[in-house]
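**Student:**
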Amino acid sequence: MSKGMGPIPDGFDADGMLLLIGGRRADHLVAEAGDTPLFVYDACMIADRIGRFRKAFSGINLHYAIKANSYAPLLRGMSKHVDGLDVASAGEMAMAIAAGCEPSDISFAGPGKRDDELVAAIDAGVTLNVESEGEAARALAIGRARGRRPRLAVRVNPDFEIKGSGMRMGGGARPFGVDAERVPSLVRELIVADAEFRGFHIFAGSQALSADALIEAQAATIALAARLAEAAGAPPPMVNLGGGFGIPYVSGDVPLNVEQVGTALHDALAARPKILAASGFAIELGRWLVGEAGVYLTRIVDRKISFGKTFLVTDGGMHHQLAASGNFGQVVRRNFPVAIASRFGAAPEEEVSIVGCLCTPLDRLADDVMMPAASVGDLVALFLAGAYGRSASPEAFLGHPAPRELLVGNM
Ligand SMILES: Cc1ncc(COP(=O)(O)O)c(C=O)c1O
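Numbering that gives the first Met the number 0 puts the first residue of the sequence shown at 0, with every later residue one more than the last.
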């Protein structure tokens with residue numbers, strides 16, 4: 000029996016049988032880029048998302064977590080429209096600066112920062128979200144040695160998680176952040192050592208589709224930030240409330256009602272404890288901003304039958320789009336939305352499995368899905384490829400060429 004797949008995001012039309020991305024035909028985009036496999040990102044869809052956030056969350060800073068997609072043209076557009084970029088390595092920090100982001104608008108989170116990364120961040124004036132007492136001590140020592148005052152926020156390992164989130168990053172033993180009860184004493188130490196205390200970074204999970212779960216987590220985050228600030232005797236200049244806004248990937252997923260989250264956050268902040276009265280607040284998002292705006296285009300290079308099952312073998316695969324293969328943290332592999340881009344809108348006629356070109360059974364892009372009849376040369380579109388595609392895939396595995404990338408439209 001054929002299996003379902005996630006919903007194709009709104010905003011993708013066809014010209015005849017050809018999928019349009021940002022108003023451009025898929026085959027023309029491939030010709031412009033030179034070949035498949037190709038990631039195409041629609042800048043207008045990203046701009047719409049930013050606009051939707053601004054409307055729902057007025058007064059809240061928007062940060063983009065560049066781990067989701069650090070393609071340079073996309074990052075340049077992003078840095079013009081968001082309030083900050085969040086990076087997770089000195090390499091990402093360099094990309095953020097090259098994209099035109101002011102170092103003072105960059106925050107750097109992530110366990111295992113090396114000394115040379117701390118030096119680069121402190122020299123540039125980037126805010127370090129310190130992940131442990133040990134990392135804080137190294138940052139202070141480096142600041143002293145270089146005659147610079149480090150800008151330090153404390154990443155808190157919260158005592159809760161976002162319920163139902165795809166990736167849990169709080170609520171127990173974690174390599175991320177400092178356990179909440181030890182945060183106040185660390186903040187006092189930072190202040191005594193004359194670091195510039197920037198506030199708290201509290202990231203409790205990712206890929207949440209339930210507005211209620213996010214509302215609950217944000218309320219808990221505000222309460223936790225207030226408790227920590229009271230105990231430390233230090234109001235935080237900034238509270239990064241984390242993010243976690245999810246997008247529908249697989250059958251049965253429903254889009255997140257961000258407007259509901261925005262209204263609740265507005266109310267929660269209006270009633271916030273006094274110690275946070277002068278604090279700024281930020282939300283940091285990756286996939287919700289860019290995920291649905293990206294399409295991964297591959298070409299069918301073989302069509303074969305094995306034990307009665309039809310396989311469409313493409314020139315792409317999990318080395319570029321790991322998440323679609325079900326190997327990026329998923330417990331059960333389920334189909335992301337997929338289509339034959341050169342027969343878009345044609346009636347489904349046959350059940351096929353679409354696989355990549357890697358010599359591993361892990362490289363499945365769609366399992367037992369109904370598609371229009373497709374042949375060698377046809378283009379396959381994998382949707383939901385704007386986040387954690389190229390940036391989160393094992394590109395070097397098996398030595399195939401890197402994918403091409405294109406940003407269409409303007410931000
Ligand atoms: C600290 C931090 N910020 C932001 C993100 C981005 O999450 P998402 O792309 O789900 O919005 C992550 C993802 O793991 C993260 O760990």
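Glycine included, each C-beta is placed from N, C-alpha and C at the ideal position.
1) For P149, which option in P102, A340 and R173 has the closest C-alpha, if you only look at C-alpha atoms?
2) Going along the chain, which unbroken runs of the alpha helix (DSSP H) with 4 or more residues stay wholly within the segment 306-361?
3) Alpha carbon to alpha carbon, how far is F196 from I190? Give it in angstroms, no decimals.
4) Do S390 and S88 have their C-beta atoms closer together than 8 angstroms?
5) Should R389 be counted as a contact of ligand 1 given a C-beta to heavy atom distance under 7 angstroms?
6) Below 7 angstroms, is the gap between the Cβ of L240 and the nearest heavy atom of ligand 1?
7) Could you give the first and the last residue of the continuous beta strand (DSSP E) run that contains A380?
8) CB-CB under 7 angstroms to A401, same chain, minus the five flanking residues each way: which ones, in chain order?
9) Can you list, in chain order, the stretches of the beta strand (DSSP E) that have 3 or more residues and sit fully within the segment 80-131?
10) Would you list the residues sitting across from T297 in a DSSP beta bridge?
11) Buried or exposed: A97, going by 16 or more other Cβ atoms within 10 Å of its Cβ?
12) Let me check you understand the geometry: is the CB of G412 closer than 7 angstroms to at least one non-hydrogen atom of ligand 1?
13) Which whole-angstrom value is the C-beta distance of V337 and V368, which I expect to be below 8 angstroms?
14) Would Q217 and A267 be called neighbours here (beta carbons separated by less than 8 angstroms)?
15) What are the residues that DSSP puts in a beta bridge with I304?
16) Would you list, in sequence order, the uninterrupted alpha helix (DSSP H) runs of no fewer than 4 residues that lie entirely inside the segment 201-263?
17) When the distance is taken between beta carbons, is F343 closer than 8 angstroms to L18?
18) What I want to know is whether the C-beta of G176 ends up closer than 7 angstroms to one or more non-hydrogen atoms of ligand 1.
19) Excluding the five sequence neighbours on either side, which residues of its own chain have a C-beta within less than 6 angstroms of the C-beta of E265, listed in chain order?
20) If the criterion is Cβ atoms closer than 8 angstroms, does the pair A55 and L74 meet it?
21) Within 7 angstroms: the Cβ of G328 and any heavy atom of ligand 1?
**Tutor:** The structure says:
1) Taking only the C-alpha atoms, the option nearest P149 is P102.
2) The qualifying runs do not exist here; there are none.
3) Looking at the two C-alpha atoms, the distance is approximately 6 angstroms.
4) S390 places its beta carbon 8 angstroms or farther from that of S88.
5) No, Cβ of R389 sits at least 7 angstroms from all heavy atoms of ligand 1.
6) Annotation for L240 indicates a beta carbon at 7 angstroms or more from all heavy atoms of ligand 1.
7) Unbroken beta strand (DSSP E) run through A380: L378 to L381.
8) So the list reads E394, once near-sequence residues are dropped.
9) Taking 3 residues as the minimum length, the beta strand (DSSP E) runs contained wholly in the segment 80-131 are 83-86, 105-107 and 126-129, in order along the chain.
10) When beta bridges are read from the DSSP output, T297 appears opposite V379.
11) Counting Cβ neighbours within 10 Å, A97 comes out exposed, since fewer than 16 surround it.
12) Limits of the chain in this structure are 0 at one end and 410 at the other, which puts residue 412 out of reach.
13) About 6 angstroms; that satisfies the 8 angstroms criterion.
14) A contact, by the Cβ cut-off of 8 angstroms.
15) Answer is T309, bridged to I304.
16) Those alpha helix (DSSP H) runs which fall completely within the segment 201-263 and span 4+ residues are 210-231.
17) For L18 and F343, yes; Cβs fall inside 8 angstroms.
18) Not so, every heavy atom of ligand 1 lies at least 7 angstroms from the Cβ.
19) Residue identity check: residue 265 is His in the sequence provided, not Glu. There are no such residues.
20) Judged by beta-carbon spacing, L74 lies beyond the 8 angstroms limit of A55, meaning their Cβ atoms are not closer than that value.
21) Not under cutoff, so the answer is no.
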